[in-house]
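Line by line, the protein sequences give chains A and B.
Under the numbering used here, the residues of the first sequence are numbered 1 to 174, in order.
Under the numbering used here, the residues of the second sequence are numbered 175 to 348, in order.
Please read the structure below before turning to the comments.
There are 2 protein chains.
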Amino acid sequence: MTASVTTTLNDVNIDAVAGLAGKIQQEPQVADTKWNARVNWKGGFRSEASIRDFGPMPSDEPDALGGTDTGPNPVEQVLAALGNCLAVGYAANATAMGIEIRDLNIDLEGDLDLHTFLGLAPQGNAGYDNISVKVNIDSEAPRAEIQALHDKVVGTSPVGHTLSRAVPVKIDLA
Amino acid sequence: MTASVTTTLNDVNIDAVAGLAGKIQQEPQVADTKWNARVNWKGGFRSEASIRDFGPMPSDEPDALGGTDTGPNPVEQVLAALGNCLAVGYAANATAMGIEIRDLNIDLEGDLDLHTFLGLAPQGNAGYDNISVKVNIDSEAPRAEIQALHDKVVGTSPVGHTLSRAVPVKIDLA
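Here it is, written out as structure tokens:
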């Protein structure tokens, strides 16, 4: 028997990412992905989202908004998705650039005016007016490299682009 | 001692919602809300999002994208947030309209081209090209009322508007 030790920068399987990119260059349609979720209403402002085989994730509203506060609310979940997406982007691109990340934390905040949601401002914006994100990276890489990494991540973030661009959203009764 | 039984349509505390709306009409600045999340990177493409005092929510990417598939990925989380938001909207507005919802399920799908995320299409759209949602409502209300409910919900959804409009997203290194 032989023991093998594989050290992977940032614990990222960069070969898998590079392999997927190579495959897409051969077969561009492989890049066309579909993603799904199903939400089941549980009464009141409670619901659960199911994604593939993962356990249902609870959602609710705080008491002040008429909920029972049993889980994060949907607009908080949007911020979480953005932070998680940026984390993937930093890990992937840092690894490709040979940068070791020792630690990474991302703080997100969004401003939202409740007037439209509550029916007090028809035609208004019910969503976030703006979102601000602070990225805390612990790395020995020079600041210029970290800045180049940052610019790459911001320019290629799927959730970042989804939020900062107007996405056609079609919502129909079944 | 007396026992009291309160029957609330759709289990929604509509008085709390109306009370908040009334308070905002008196003090408009109460409508200005801030929401937060913090994301901690856990190595590889794994991260955890923390929202208020709720337990951390795991995020990962599927094997095919170089992850270890221990949780839903960020773009799936966006769809979940949208579905959860719509569920709140249906519950709130149906209750305000006197419509009983017996059951409600929401199916969401999004199309995303991986070229930009993988660095194969600079300046391209890394996010969703489009999102489609099917809402399944079980209610005895007439179809015209359900359609009016649906139109109200779609027009006032915080996450719906966040996705369908371009939100200023500012992402900075700390």
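Backbone N, C-alpha and C fix where the C-beta goes; we use that ideal spot for every residue, glycine too.
**Request:** Would you identify the three-state DSSP class for residue 50 of chain A, choosing helix, strand or coil?
**Result:** Within the first sequence, residue 50 of chain A is the residue found at index 50, counting from 1. Per DSSP, reduced to three states, the secondary structure at residue 50 of chain A is strand.
**Prompt:** How close, in whole Å, do the beta carbons of residue 261 of chain B and residue 278 of chain B come, if the pair is a contact with beta carbons under 8 angstroms?
**Reply:** As a working note, residue 261 of chain B is residue 87 in the second sequence. As a working note, residue 278 of chain B is residue 104 in the second sequence. Contact holds; Cβ gap of about 6 angstroms.
**Message:** Tell me the rounded alpha-carbon separation between residue 82 of chain A and residue 250 of chain B.
**Reply:** On the first sequence, residue 82 of chain A is found 82 positions in, with the first residue counted as 1. On the second sequence, residue 250 of chain B is found 76 positions in, with the first residue counted as 1. Rounded to whole angstroms, residue 82 of chain A to residue 250 of chain B spans 11 angstroms at the Cα level.
**Message:** If we define contact as Cβ-Cβ less than 7 angstroms, is residue 319 of chain B a contact residue for chain A?
**Reply:** The residue given as residue 319 of chain B occupies position 145 in the second sequence. Under the Cβ distance rule, residue 319 of chain B does not count among the residues neighbouring chain A, no pair being separated by less than 7 angstroms.
**Nearest to residue 280 of chain B (by Cα), restricted to the options B:291, B:306, B:295** = For the purposes of this step, residue 280 of chain B is identified with residue 106 of the second sequence, where counting begins at 1. Measuring from the Cα of residue 280 of chain B, the nearest candidate turns out to be B:306.
**Item:** Euclidean distance between Cα positions of residue 64 of chain A and residue 239 of chain B
**Value:** As a working mapping, residue 64 of chain A is identified with position 64 in the first sequence. As a working mapping, residue 239 of chain B is identified with position 65 in the second sequence. Residue 64 of chain A and residue 239 of chain B have their C-alpha atoms roughly 40 angstroms apart.
**Asked** Can you tell me the Cα-Cα spacing of residue 324 of chain B and residue 302 of chain B, whole angstroms?
**Response** Locating residue 324 of chain B in the second sequence gives position 150, counting from the first residue. Locating residue 302 of chain B in the second sequence gives position 128, counting from the first residue. Answer to the nearest angstrom: the Cα atoms are 23 angstroms apart.
**Item:** Interface positions of the region 226-237 of chain B facing chain A (Cβ-Cβ less than 8 angstroms), listed along the chain
**Value:** When CB distances to chain A are screened at a threshold of 8 angstroms, the residues of the region 226-237 of chain B falling below it are 226, 228, 231, 233, 235, 237, in chain order.
**Request:** Use the C-beta contact count for residue 162 of chain A: other C-beta atoms within 10 angstroms, 16 or more gives buried, fewer gives exposed.
**Result:** Numbered from its first residue, the first sequence carries residue 162 of chain A at position 162. It is buried - the Cβ of residue 162 of chain A has at least 16 other Cβ atoms within 10 Å.
**Message:** Buried or exposed, going by whether 16 or more other CB atoms sit within 10 Å of the CB of residue 235 of chain B?
**Reply:** Here residue 235 of chain B is taken as the residue at index 61 of the second sequence, counted from 1. Result: buried.
**Asked** Is there a Cβ from chain A that is less than 7 angstroms from the Cβ of residue 201 of chain B?
**Response** Translated into the one-based positions of the second sequence, residue 201 of chain B becomes position 27. False, the Cβ-Cβ gap to chain A never drops below 7 angstroms.
**Request:** Would you list, in chain order, the members of the region 26-45 of chain A that have their beta-carbon closer than 9 angstroms to a beta-carbon of chain B?
**Result:** Answer in chain order: 28, 30, 31, 32, 33, 34, 35, 36, 37, 38, 39, 40, 41, 42, 43, 44, 45.
**Item:** Beta-carbon spacing of residue 212 of chain B, residue 224 of chain B below 7 angstroms
**Value:** Working through the second sequence from its first residue, we reach residue 212 of chain B at position 38. Working through the second sequence from its first residue, we reach residue 224 of chain B at position 50. Result yes, Cβ atoms of residue 212 of chain B and residue 224 of chain B sit closer than 7 angstroms.
**Residues sharing a beta bridge with residue 347 of chain B, DSSP** = By 1-based counting over the second sequence, the position of residue 347 of chain B is 173. Listed as beta-bridge partners of residue 347 of chain B by DSSP are A:135.
**Asked** Are residue 268 of chain B and residue 184 of chain B closer than 7 angstroms when you measure CB to CB?
**Response** On the second sequence, position 94 is the one that residue 268 of chain B refers to. On the second sequence, position 10 is the one that residue 184 of chain B refers to. Yes.
**Request:** For residue 205 of chain B, count neighbouring Cβ atoms within 10 angstroms of its own Cβ and tell me buried if that reaches 16, exposed if not.
**Result:** The count along the second sequence starts at 1 and reaches residue 205 of chain B at position 31. Per the 10 Å Cβ criterion, buried.
**Request:** Please list the residues of the region 74-98 of chain A that have a C-beta atom closer than 9 angstroms to any C-beta atom in chain B, keeping them in chain order.
**Result:** Cβ contacts with chain B: 74, 75, 76, 77, 78, 79, 80, 81, 82, 83, 84, 85, 86, 87, 88, 89, 90, 91, 92, 93, 96.
**Prompt:** Considering only C-alpha positions, which residue in the set A:142, A:36, A:125, A:56 is nearest to residue 100 of chain A?
**Reply:** By 1-based counting over the first sequence, the position of residue 100 of chain A is 100. Of the candidates A:142, A:36, A:125, A:56, the one whose C-alpha sits nearest the C-alpha of residue 100 of chain A is A:142.
**Prompt:** Nearest-angstrom Cα distance between residue 45 of chain A and residue 70 of chain A?
**Reply:** Position 45 of the first sequence holds residue 45 of chain A. Position 70 of the first sequence holds residue 70 of chain A. If you take the alpha carbons of residue 45 of chain A and residue 70 of chain A, they lie about 10 angstroms apart.
**Request:** Work out the CA separation of residue 254 of chain B and residue 20 of chain A for me, nearest whole Å.
**Result:** Translated into positions along the first sequence, residue 20 of chain A becomes position 20. Translated into positions along the second sequence, residue 254 of chain B becomes position 80. Going by C-alpha positions, residue 20 of chain A is about 26 angstroms away from residue 254 of chain B.
**Asked** Taking any Cβ of chain B, which residues in the region 133-160 of chain A have a Cβ under 9 angstroms from it, in chain order?
**Response** Listed by position, the residues of the region 133-160 of chain A near chain B (Cβ gap below 9 angstroms) are 133, 134, 135, 136, 137, 143, 146, 147, 150, 152, 153, 154, 155, 156, 157, 158, 159, 160.
**Message:** I'd like to know whether the C-beta atoms of residue 290 of chain B and residue 33 of chain A end up nearer to each other than 7 angstroms.
**Reply:** Here residue 290 of chain B is taken as the residue at index 116 of the second sequence, counted from 1. Here residue 33 of chain A is taken as the residue at index 33 of the first sequence, counted from 1. No; because the gap between Cβ atoms is not below 7 angstroms, this pair is not in contact.
**Asked** When the cut-off is 7 angstroms and only beta carbons count, does residue 102 of chain A lie next to chain B?
**Response** Residue mapping note: residue 102 of chain A aligns to position 102 of the first sequence, counting from 1. Taking Cβ atoms only, chain B never reaches closer than 7 angstroms to residue 102 of chain A, which makes this a no.
**Message:** At a CB distance below 7 angstroms, what residues from the region 287-298 of chain B approach chain A? Give them in sequence order.
**Reply:** Sequence-ordered contacts of the region 287-298 of chain B with chain A read 287, 288, 289, 290, 291, 292, 293, 294 [C-beta pairs closer than 7 angstroms].
**Request:** Starting from residue 323 of chain B, follow its DSSP beta bridges and name the residues at the other end.
**Result:** To locate residue 323 of chain B, count along the second sequence from 1; it is residue 149. DSSP, once it has assigned bridges, lists no residue as partnering residue 323 of chain B.
**Prompt:** Does DSSP classify residue 286 of chain B as helix, strand or coil?
**Reply:** Residue 286 of chain B sits at position 112 when you count from the first residue of the second sequence. Three-state DSSP puts residue 286 of chain B in a strand.
**Prompt:** So residue 327 of chain B and residue 263 of chain B are in contact, right, with Cβ under 8 angstroms, and what is the actual spacing, rounded?
**Reply:** Within the second sequence, numbered from 1, the residue matching residue 327 of chain B stands at position 153. Within the second sequence, numbered from 1, the residue matching residue 263 of chain B stands at position 89. Contact flag correct, Cβ pair sits at about 4 angstroms.
**Request:** Determine, using beta carbons only, whether residue 72 of chain A and residue 228 of chain B come nearer to each other than 7 angstroms.
**Result:** Position 72 of the first sequence holds residue 72 of chain A. Position 54 of the second sequence holds residue 228 of chain B. Inclusion of residue 72 of chain A and residue 228 of chain B in the CB contact set at 7 angstroms is warranted, their separation being smaller than that value.
**Request:** Output yes or no for whether 7 angstroms exceeds the beta carbon distance between residue 333 of chain B and residue 78 of chain A.
**Result:** By 1-based counting over the second sequence, the position of residue 333 of chain B is 159. By 1-based counting over the first sequence, the position of residue 78 of chain A is 78. A contact, by the Cβ cut-off of 7 angstroms.
**Message:** Counting only Cβ pairs nearer than 9 angstroms, list the residues of chain A close to residue 183 of chain B.
**Reply:** The residue given as residue 183 of chain B occupies position 9 in the second sequence. Identification of chain A residues near residue 183 of chain B by a Cβ-Cβ cut-off of 9 angstroms yields none; the smallest Cβ-Cβ distance measures about 10 angstroms.
**Asked** Helix, strand or coil for residue 200 of chain A per DSSP?
**Response** Only positions 1 to 174 of chain A appear in this structure, which leaves residue 200 of chain A out of reach.
**Prompt:** Between the C-alpha atoms of residue 342 of chain B and residue 167 of chain A, what's the straight-line distance to the nearest angstrom?
**Reply:** On the second sequence, position 168 is the one that residue 342 of chain B refers to. On the first sequence, position 167 is the one that residue 167 of chain A refers to. Roughly 14 angstroms between the two C-alpha positions.
**Asked** Looking at residue 59 of chain A and residue 258 of chain B, is the spacing between their C-beta atoms short of 7 angstroms?
**Response** Here residue 258 of chain B is taken as the residue at index 84 of the second sequence, counted from 1. Here residue 59 of chain A is taken as the residue at index 59 of the first sequence, counted from 1. In this structure, residue 59 of chain A lies closer than 7 angstroms to residue 258 of chain B by Cβ.
**Asked** Name the DSSP bridge partner or partners of residue 164 of chain A?
**Response** Looking up residue 164 of chain A in the first sequence gives position 164. Looking at the DSSP assignment, residue 164 of chain A forms no beta bridge with any residue, so it has no partner.
**Prompt:** Taking just the CA atoms, how far does residue 241 of chain B sit from residue 230 of chain B?
**Reply:** Within the second sequence, residue 230 of chain B is the residue found at index 56, counting from 1. Within the second sequence, residue 241 of chain B is the residue found at index 67, counting from 1. Residue 230 of chain B and residue 241 of chain B: Cα-Cα distance of roughly 19 angstroms.
**Request:** State the DSSP-derived secondary structure class of residue 236 of chain B, mapped to helix, strand or coil.
**Result:** As a first step, residue 236 of chain B must be located in the second sequence, where it is residue number 62. If DSSP states are grouped into helix, strand and coil, residue 236 of chain B belongs with coil.
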